[in-house]
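One rule links them: number in the working numbering = place in the sequence shown (from 1) + 9.
Every residue, glycine too, gets a C-beta built ideally from N, C-alpha and C.
Everything numeric in this text was worked out from a predicted model, so none of it was measured.
One structure is given here, and the rest of the page talks about it.
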Amino acid sequence: MARPRKSIEELKASGNYRPSRHGNRPGAQSHGPGDTRPATAHPVSGDVLPPPVDLDAASADWWRRLAGVLAGRLQASDEPMLAIAVKWLAEADRCQAALAKAEVGSIEHGRILRSAASAFATANKVLTSFGLTPADRAKLPRSPHEVDNSIEARRAEVRKKFPNCEFAAGSSVPVFNRSHERKFGGPPPGWKPAFPKKDIEDQQ
10 MARPRKSIEE LKASGNYRPS RHGNRPGAQS HGPGDTRPAT AHPVSGDVLP PPVDLDAASA
70 DWWRRLAGVL AGRLQASDEP MLAIAVKWLA EADRCQAALA KAEVGSIEHG RILRSAASAF
130 ATANKVLTSF GLTPADRAKL PRSPHEVDNS IEARRAEVRK KFPNCEFAAG SSVPVFNRSH
190 ERKFGGPPPG WKPAFPKKDI EDQQ
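Here it is as C-alpha cells:
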C-alpha cells in the first residue's frame, strides 16, 4: 500500500518543501481560481517581481532590493537564478555577523572567513549575469528615455553659459555657423567657437 502524501505543512516542517515540485498540492499558494502553476511562478506586478515564497527573510530582503534595481528588466524566467544570488548574499551576511563574534586568528575565525569569501564570490558570479556588479552594470544598454534625459541635462548646463546656442540633433555639443549669426546678429554672448570664424564660414 502506498504511503499517503505529506501535506504542505509537513513538507515545510521537514525542510523538504519545493514549490516547483509540491506547488500543486492542496494547501499550496494559489494564484487564482483554477490556476495550477507552482507557487514560485509569480506574475510580474508593477514591473517588480515579488520574492519566491520559499525564501527566508534575509534572502527575501535581498530579493526586493535587487528586483527593484532590475525593475522592468527582470522576467519570471529569471527567478531561479536570482534566487541563487540572494541566498548566497544572505549567507555572506550571516558569515559577516559570525566573524564579528569569532576570535581573530582562531580556527573558527578562519573557517568563517573562508565561508564568507566563498559566499561573496558565488553571489558575485551570479550577479554578473544580471549586470549588477559595478563593472558589468556599465555595459548594460541605456534605455532611450535615459539617453534623452542625459542629453537634455547636459544641454541645460551648456545653456546656462550660452543661452542662445543650438545643438545638433541627438547631441549635447553646441554648434555655431552663419545661420546663427543671421538669426542672433552674432554668436551667443561669450561664445568662443572651436575654430576661427573664417574657417567656419569656409565650411558653409
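Using the three-state DSSP reduction, which class does K169 fall into: helix, strand or coil?
Three-state result, K169: helix.
Quick check on the DSSP output: the alpha helix (DSSP H) that includes E112 runs from which residue to which?
That residue, E112, is in no alpha helix (DSSP H); it is neither H nor E in DSSP.
Going by Cα to Cα distance, which pick from R120, F139 and H118 is closest to L83?
Closest by alpha carbon: F139.
In this structure, does DSSP put V62 in helix, strand or coil?
Three-state DSSP puts V62 in coil, outside helix and strand.
If distances are taken between C-alpha atoms only, which option among T131, W72 and A106 comes closest to V95?
For the residues T131, W72 and A106, the minimum Cα distance to V95 belongs to W72.
Leaving out five residues before and five after Q105 in sequence, what residues of the same chain have Cβ atoms less than 8 Å from its Cβ?
Result list for Q105: A125, in chain order.
In three-state DSSP terms, what is A80?
Coil.
With distances taken between CB atoms, is the gap from A99 to A67 smaller than 9 Å?
Yes. Within cutoff.
Using the C-alpha atoms, what's the distance from D70 back to L108?
For L108 and D70, the distance between alpha carbons rounds to 21 Å.
Quick one: what's got a C-beta closer than 7 Å to A92's C-beta in the same chain, skipping five residues either side?
P61 and L64, listed in sequence order.
Helix, strand or coil: which one does DSSP assign to G140?
Coil.
Closer than 8 Å by C-beta to N133: which residues in its own chain qualify, once you throw out the five before and the five after it? Chain order, please.
Hits under 8 Å: T142.
Which word fits A76, buried or exposed, when buried means at least 16 other C-beta atoms lie within 10 angstroms of its C-beta?
With 16 or more other Cβ atoms within 10 Å, it is buried.
Using CA atoms only, rank isn't needed, just tell me which of S127, S180, V135 and F129 is closest to P89.
Among S127, S180, V135 and F129, the Cα nearest to that of P89 belongs to V135.
I need the straight-line Cα distance from K207 to A162, nearest angstrom please.
Residue placement at K207 is poorly supported in this model, since its pLDDT is 45, which falls under 50; the coordinates are not used for a value here.
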